[in-house]
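A quick write-up on the structure given underneath.
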Amino acid sequence: MKKIIELKNITKAFDGEPVLQGINLDIYDNEFITLLGPSGCGKTTLLRLIGGFETPDEGDVVFLGQRINDVPPYKRNVNTVFQKYALFPHLNVFENVAFPLREKKVPKEEIEAKVTEMLSLVALKGFEHRSVTRLSGGQQQRVAIARALVAHPQVLLLDEPLGALDLKLRKDMQVELKKIQKQTGITFVFVTHDQEEALSMSDTVVVMSEGKIHQIGTPIDIYNEPQNAFVADFIGESNILDGIMLEDYKVSFSGQTFQCLDKDFGKNVPVDVVVRPEDVDIVPLERGQLTGVVTSVTFMGVHYEIIVDVGGFKWMIQTTDFVDVDEHIGIELEPDAIHIMKKSEYSDLYGDYSSFSNELDELSEVSEEEDE
Numbered sequence: 012m013k014k015i016i017e018l019k020n021i022t023k024a025f026d027g028e029p030v031l032q033g034i035n036l037d038i039y040d041n042e043f044i045t046l047l048g049p050s051g052c053g054k055t056t057l058l059r060l061i062g063g064f065e066t067p068d069e070g071d072v073v074f075l076g077q078r079i080n081d082v083p084p085y086k087r088n089v090n091t092v093f094q095k096y097a098l099f100p101h102l103n104v105f106e107n108v109a110f111p112l113r114e115k116k117v118p119k120e121e122i123e124a125k126v127t128e129m130l131s132l133v134a135l136k137g138f139e140h141r142s143v144t145r146l147s148g149g150q151q152q153r154v155a156i157a158r159a160l161v162a163h164p165q166v167l168l169l170d171e172p173l174g175a176l177d178l179k180l181r182k183d184m185q186v187e188l189k190k191i192q193k194q195t196g197i198t199f200v201f202v203t204h205d206q207e208e209a210l211s212m213s214d215t216v217v218v219m220s221e222g223k224i225h226q227i228g229t230p231i232d233i234y235n236e237p238q239n240a241f242v243a244d245f246i247g248e249s250n251i252l253d254g255i256m257l258e259d260y261k262v263s264f265s266g267q268t269f270q271c272l273d274k275d276f277g278k279n280v281p282v283d284v285v286v287r288p289e290d291v292d293i294v295p296l297e298r299g300q301l302t303g304v305v306t307s308v309t310f311m312g313v314h315y316e317i318i319v320d321v322g323g324f325k326w327m328i329q330t331t332d333f334v335d336v337d338e339h340i341g342i343e344l345e346p347d348a349i350h351i352m353k354k355s356e357y358s359d360l361y362g363d364y365s366s367f368s369n370e371l372d373e374l375s376e377v378s379e380e381e382d383e
C-alpha cells in the first residue's frame with residue numbers, strides 16, 4: 012500500500028503543557044485509520060496537525076513525500092468533517108454540497124454531476140432542494156460528509172462526527188461511513204473515544220493516552236493482544252492480574268499454574284495477565300481451576316455480567332448462564348483465554364472490578380453517616 016502521510020517525531024504543547032510527545036505514525040492509501048483514546052489524550056490535536064489547523068513544535072508532517080508543516084489547510088488535499096457539521100443554514104442541501112466546487116469555479120455541468128453523485132453516495136438522492144434546517148442530525152451529517160467528499164480529497168479527517176447522534180443512528184452511520192470509505196477509496200482518519208466504534212469500523216486502530224501512542228494494529232490485534240494494561244483496560248473489559256511467567260507457555264497467577272500460548276518472556280519474570288470476561292468458563296466447583304463467590308449479577312440483555320470474588324480479587328465474567336449472588340462457582344480457563352503482557356507504568360492501575368460491587372455501597376454508607 013502507498014504511504015500518504017508520515018508523522019515524524021511530532022511534539023506539541025499548549026501553554027507549556029505537552030499535548031503530543033514524540034508521535035510517529037504512517038497513514039496509507041485507502042485506509043480507514045482511527046485515533047482512539049480518552050478525552051485530552053491528544054487525538055484531536057493530531058488530527059488538526061494533519062489538516063493544517065495547527066503546526067508542530069517539533070517534527071515533520073509529510074504528505075506524499077513533501078514536508079507540509081507550514082502549508083495552510085486550503086492548500087492541502089485534505090478535508091475535515093467536524094462534530095458540529097458547520098452547514099450553511101441559508102443554503103439548501105444541493106448548494107451546501109456544491110459550495111466547495113463553486114468556490115473553485117468548477118463548470119456548472121460538472122457541479123451538477125458531482126453533487127448528484129455525492130448525494131446518491133450518502134443516500135440523500137431526492138433531498139436536493141430540502142432546507143438543511145429541516146433535516147435530522149443523521150441527514151445533516153450525511154450532507155457534511157458529501158460536501159467534504161465532493162472535491163475528492165485524498166484524505167478525509169473526521170473529528171468525532173458521530174458524537175451528537177443517538178445510539179441507533181450512530182450504529183447505522185458507522186456502517187454507512189465504512190461503506191462510503193470503501194466505495195470512494197479515500198483515506199479516512201477518524202477520531203473517537205468510543206472503543207466499539209473504533210473496533211467495528213477501522214482497518215487500523217491507534218490507541219493514545221497522555222499524548223503518546225501506546226499501540227497500533229488491526230482491531231483484532233488490539234483487542235486480543237494488548238501491549239500494556241492501559242490498552243487492555245481501555246479496549247473493552249479486562250481482568251488484569253499479577254502473574255509470574257514461569258517459562259514458555261506456563262504462567263502462575265491467583266495461586267495456580269496455567270498453560271498459555273505466550274513465550275519469550277524469560278523464566279520467573281513478573282508479568283501482567285489479561286483474561287477477557289467472555290473467555291471465562293463457569294464450571295462446577297470440583298472442576299474449577301479457581302473458585303470464587305458471586306458478589307453481583309447484572310442482566311445485560313444478551314448475557315449476564317457477573318462479578319466474582321476470587322481470593323479477594325474481583326473478576327468480571329460475561330456469560331449466558333445464570334448464577335445467583337452468594338453462589339460458589341468454579342472457573343476454568345483455556346490456554347487461548349490467557350494473554351501475557353510485560354509490566355509497565357500502568358500495571359496495578361487497572362483490572363479489578365471491586366467498584367462494580369462494593370464501592371457504591373461504601374459511598375452510600377459514608378453518605379448515610381454524614382447525614383446522621
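In the numbering used here, the protein residues as written are 12 to 383. From the three backbone atoms N, C-alpha and C, an ideal C-beta is built for every residue, glycine too.
Here the alpha carbons of F43 and D337 stand approximately 46 Å from one another.
By the 16-neighbour rule on beta-carbons within 10 angstroms, T203 is buried. The criterion of a C-beta distance shorter than 8 Å is not satisfied by L176 and V200. Only residues of its own chain outside the window of five on either side were considered, and among them G303, V304, T306 have a CB closer than 7 Å to the CB of D320, listed in chain order. For R78, the three-state secondary structure derived from DSSP is strand. DSSP places L160 within a helical segment (H, G or I) once states are collapsed to three. In the three-state reduction of the DSSP assignment, G62 falls in the helix class. N235 and F110 have their C-alpha atoms roughly 44 Å apart. The residue from Y260, R181, L36, D205 with its alpha-carbon nearest to that of Q270 is Y260. Around the Cβ of A124, a 10 Å sphere holds fewer than 16 other Cβ atoms; the residue is exposed. Taking a cut-off of 8 Å for Cβ pairs, the segment 308-328 and the segment 242-252 touch, as three or more such pairs fall below it. As DSSP reads the structure, V334 sits in no beta bridge. Separation of R298 and T229 (C-alpha to C-alpha, rounded to the nearest whole angstrom) is 36 Å. In terms of CA proximity to Q300, L344 leads the group L344, D283, L257, F241. Between the segment 344-359 and the segment 269-285 there are three or more C-beta pairs closer than 8 Å, enough to call the two in contact. Between D363 and S220, the alpha-carbon positions lie close to 20 Å from each other. Using a Cβ distance threshold of 8 Å, S358 and A240 count as a contacting pair. Separation of the CB atoms of V161 and L135 is rounded to 12 Å, and the pair is thereby denied contact status at 8 Å.
Between V218 and G48, the beta carbon gap of about 6 Å places them in contact (Cβ cut-off 8 Å). For E248, the closest alpha carbon among the candidates F276, E289, S265 is that of E289. Taking the Cα of D26 as reference, the smallest distance to any Cα among M12, L18, D68, I16 is reached at D68.
Per DSSP, the unbroken alpha helix (DSSP H) holding K193 starts and ends at 178-195. Here DSSP, grouped into helix, strand and coil, assigns S265 to coil.
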